[in-house]
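Residue numbers (this note's numbering): 75 to 161.
Notes follow once the structure below has been shown.
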Amino acid sequence: MLKYAILLTGNKPAAKAIVKNCMQGYNKNIAWLNKQKQIQQQKILIRKACHAWLHTQVMALINNMKNQPACPSVNTTRQSLTQNGHQ
């Protein structure tokens, strides 16, 4: 890219210096953008890992609740509702 830019400017020393500075700035910006992409990808991976972990925790909680007797307050509420004719 630098060679192409120098050809366009006619290979003048002052123009070459300007082009070279621009190219350095461009390369720094590209490096910064690539780093931002990497950070964004890491955030996505972390978010996916956290979501998967949360899913396993919720599923374990649900499975654990299935194996436990219902809370007394729930049983009491069910009994009072069925005694009053509700189902």
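Cβ coordinates follow ideal geometry from the N, Cα and C atoms, glycine included.
Quick caveat: nothing in here was measured; it's all calculated off a predicted structure.
- In this structure, the CA atom of I104 is about 52 angstroms from the CA atom of M139.
- The C-beta of V132 has fewer than 16 other C-beta atoms within 10 Å across all chains shown, which makes the residue exposed.
- The continuous stretches of alpha helix (DSSP H) do not include K86, and DSSP gives it neither H nor E.
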